[in-house]
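This report concerns only the one structure given below.
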Ligand code: PMP
């Protein structure tokens, strides 16, 4: 019955790309729990308090039917006020939010130009959507503009949508957001910014790198809640019309059970906890320490962010290095294509408040001999 599937799995194994679920173990250099909130007492207490005041675990239905709960609406109102957008909509995951947005908002005759490194969830939306799409080389604004000019010269008449991440998930580098916003204005384009890895970590008060761009009619920001916020789900922040359109036309929103109201309470707490600059100061110290060691001891560039990729190139080499680190007690994962481009398999080291400085030093000690092989 499953011969074709088994053969596919064997091919993956031979290529060093077979994936398997593993229990979590070792010192955390793999999670996106950047502020260490996911297992924190503060978040647990907020959830306990929400349970105490009667917030239900399950929503019981989709938002447009019985599933809508005051916790969802409070979260959306608070998020819009905090980030400065005219409205916000809570989805059960960043994947659902991103794919729904890109599948729903660009219309027939429009063009989506996207950074070559945007997340799989955006690609999923593009696949489902009605608009044409073109990739531009990573962070290359001139290439973006050339792609749009070429499309216009071939008769493209619709609206242009620009899709980027603000802090790239597998590379840890930033998008030139100010320049992108200026290009979007000039082209009368919409700018979609995925802040998954920046919210809570960067920007004033942890508001992210897009802080200050919210409230513009041509900017939509995706803020996932499963990374620095320590919870689950994602907030799309944008113009009221955009949000109303998603509520009416976004299939990933309409035909899906509403997220747990309890999780919405947790995210509300996460947004309050994220405001503590002390967390970012502590994280910044660890990031600086790891970055300096990357440059001085490993001879690798620091990204200046909490995401530090160590590109090894070969898929097997990345997995061997990850296995050696895991055996030494470090939870470091190898990242292979298709998550990253072919030939750029890597270790993705993420620095979070789940580790202390001595653990970073120990990881660098363990990495040094591995890179010499
Ligand atoms: N965008 C980016 C840049 C991501 O890294 C991720 C998660 N890896 C997502 C979207 C999807 O978010 P979620 O995990 O909440 O589905």
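Residue numbers (the numbering used here): 786 to 1158. Glycine included, C-beta positions come from ideal geometry on N, C-alpha and C.
Task: As assigned by DSSP and simplified to three states, the class of residue 778 - done: Residue 778 lies beyond the stretch modelled for the chain, which goes from 786 to 1158, so this question has no answer here.
- [ ] Could you pull out every residue in the same chain whose Cβ sits closer than 6 Å to the Cβ of residue 969, ignoring the five residues on either side in sequence?
- [x] Locating residue 969 in the chain shown gives position 184, where the first residue counts as 1. Only 947, 976 and 1003 meet the Cβ criterion.
Open item on the list: Any heavy atom of the ligand PMP closer than 7 Å to the beta-carbon of residue 819?
Closed with: Within the chain shown, residue 819 is the residue found at index 34, counting from 1. No, Cβ of residue 819 sits at least 7 Å from all heavy atoms of the ligand PMP.
- [ ] Drop a sphere of 10 angstroms on the beta-carbon of residue 827, count the other beta-carbons inside from all chains shown, and report buried for 16 or more, exposed for fewer.
- [x] The residue given as residue 827 occupies position 42 in the chain shown. Exposed, since its Cβ has fewer than 16 Cβ neighbours within 10 Å.
- [ ] Could you say if the region 1031 to 1051 and the region 1061 to 1068 meet the contact criterion of at least three C-beta pairs nearer than 8 Å?
- [x] no
Open item on the list: Considering only the alpha carbon of each residue, which of 986, 1029 and 830 lies closest to residue 1012?
Closed with: Counting from 1 along the chain shown, the entry for residue 1012 is found at position 227. Of the candidates 986, 1029 and 830, the one whose C-alpha sits nearest the C-alpha of residue 1012 is 986.
Task: When 918, 830, 911 and 808 are compared against residue 881, the one with the closest alpha-carbon - done: What you label residue 881 is simply residue 96 of the chain shown in a count that begins at 1. Answer by Cα proximity: 911.
- [ ] Taking residue 876 as part of the alpha helix (DSSP H), name the residues at either end of that continuous run.
- [x] Within the chain shown, residue 876 is the residue found at index 91, counting from 1. Per DSSP, residue 876 belongs to no alpha helix (DSSP H); it is in the beta strand (DSSP E), 872 to 876.
Open item on the list: With three or more beta-carbon pairs closer than 8 Å as the criterion, would you say the region 891 to 905 touches the region 923 to 931?
Closed with: yes
Task: C-alpha gap between residue 836 and residue 1045, whole angstroms - done: The residue given as residue 836 occupies position 51 in the chain shown. The residue given as residue 1045 occupies position 260 in the chain shown. Roughly 12 Å separates the two Cα atoms.
TODO: Count the other CB atoms, across all protein chains shown, that sit within 10 Å of the CB of residue 790; report buried if there are 16 or more and exposed otherwise.
DONE: To locate residue 790, count along the chain shown from 1; it is residue 5. The residue is exposed, with fewer than 16 neighbouring Cβ atoms inside 10 Å.
Task: Cβ-heavy atom distance, residue 1061 to the ligand PMP, below 7 Å - done: On the chain shown, position 276 is the one that residue 1061 refers to. Flag unset: Cβ of residue 1061 not near the ligand PMP.
Open item on the list: Is any non-hydrogen atom of the ligand PMP found closer than 7 Å to the C-beta of residue 879, if you look at the structure I gave you?
Closed with: Locating residue 879 in the chain shown gives position 94, counting from the first residue. Result yes, Cβ under 7 Å from the ligand PMP.
Open item on the list: Less than 8 Å between the beta carbons of residue 991 and residue 870, yes or no?
Closed with: For the purposes of this step, residue 991 is taken as residue 206 along the chain shown, with counting starting at 1. For the purposes of this step, residue 870 is taken as residue 85 along the chain shown, with counting starting at 1. No.
Open item on the list: Assuming residue 792 is part of the alpha helix (DSSP H), what are its boundary residues?
Closed with: Within the chain shown, the letter at position 7 stands for residue 792. Note, residue 792: alpha helix (DSSP H), 788 to 799.
- [ ] Please name the residue or residues paired with residue 1042 in a DSSP beta bridge.
- [x] Translated into the one-based positions of the chain shown, residue 1042 becomes position 257. Answer is 847, bridged to residue 1042.
- [ ] Using three-state DSSP, classify residue 952 as helix, strand or coil.
- [x] For the purposes of this step, residue 952 is taken as the residue at position 167 of the chain shown. It is a strand residue.
Task: Residue interval of the alpha helix (DSSP H) (run including residue 1154) - done: The residue you call residue 1154 lines up with position 369 of the chain shown. Looking at the DSSP string, the run of the alpha helix (DSSP H) that includes residue 1154 is 1142 to 1157.
TODO: May I ask you to list the residues that DSSP assigns as paired with residue 915?
DONE: Counting from one through the chain shown, the residue named residue 915 turns up at place 130. Looking at the DSSP assignment, residue 915 forms no beta bridge with any residue, so it has no partner.
- [ ] Using only alpha-carbon positions, find the residue among 950, 895, 973 and 906 that is nearest to residue 942.
- [x] Residue numbering aside, residue 942 sits at position 157 when the chain shown is read from its first letter. Here the closest residue by C-alpha is 895.
TODO: Look up residue 1037 in the DSSP assignment and say whether it is helix, strand or coil.
DONE: If you number the chain shown from 1, residue 1037 lands on position 252. The answer is helix: DSSP assigns residue 1037 an H, G or I state.
Task: Reduced DSSP category for residue 994 - H, G, I as helix; E, B as strand; rest coil - done: For the purposes of this step, residue 994 is taken as residue 209 along the chain shown, with counting starting at 1. Coil at residue 994, not helix or strand.
TODO: Answer yes or no: the CB of residue 1033 versus the heavy atoms of the ligand PMP, is any distance below 7 Å?
DONE: What you label residue 1033 is simply residue 248 of the chain shown in a count that begins at 1. The answer is no for residue 1033.
TODO: Check whether the region 1127 to 1140 touches the region 1087 to 1106, counting contact only when three or more Cβ pairs, one atom from each stretch, lie closer than 8 Å.
DONE: yes
- [ ] Would you check if the distance between the CB atom of residue 1035 and the CB atom of residue 893 is smaller than 8 Å?
- [x] Position 250 of the chain shown, counting from 1, holds the residue named residue 1035. Position 108 of the chain shown, counting from 1, holds the residue named residue 893. Their beta carbons are not under 8 Å apart, which means residue 1035 does not touch residue 893 by this criterion.
Task: residue 1094: first and last residue of the uninterrupted beta strand (DSSP E) it sits in - done: As a working note, residue 1094 is residue 309 in the chain shown. Unbroken beta strand (DSSP E) run through residue 1094: 1092 to 1098.
Open item on the list: Measuring alpha carbon to alpha carbon, tell me which residue in 814, 966 and 1000 is nearest residue 739.
Closed with: Only positions 786 to 1158 of the chain appear in this structure, which leaves residue 739 out of reach.
TODO: Note down the Cα distance separating residue 1091 from residue 1136, rounded to an integer number of angstroms.
DONE: Counting from 1 along the chain shown, the entry for residue 1091 is found at position 306. Counting from 1 along the chain shown, the entry for residue 1136 is found at position 351. Going by the C-alpha atoms only, they are around 5 Å apart.
Open item on the list: Going by beta-carbon coordinates alone, are residue 775 and residue 951 separated by less than 8 Å?
Closed with: Because the chain spans 786 through 1158 in this model, residue 775 falls outside it and cannot be assessed.
Task: Straight-line Cα distance separating residue 1089 from residue 860 - done: By 1-based counting over the chain shown, the position of residue 860 is 75. By 1-based counting over the chain shown, the position of residue 1089 is 304. Answer to the nearest angstrom: the Cα atoms are 31 Å apart.
Open item on the list: Within 10 Å of its beta-carbon, does residue 1062 have 16 or more other beta-carbons around it, so buried, or fewer, so exposed?
Closed with: For the purposes of this step, residue 1062 is taken as residue 277 along the chain shown, with counting starting at 1. By the 10 Å Cβ count, residue 1062 comes out exposed.
Task: Status (buried if at least 16 other CB within 10 Å, exposed otherwise) for residue 855 - done: Numbered from 1 along the chain shown, position 70 holds the residue referred to as residue 855. Residue 855 should be labelled exposed.
Open item on the list: As a quick exercise: from 1124, 1149, 918 and 1083, pick the residue whose alpha carbon is nearest that of residue 1114.
Closed with: In the chain shown, counting from the first residue as 1, residue 1114 sits at position 329. Selected option, being the one with the closest Cα: 1149.
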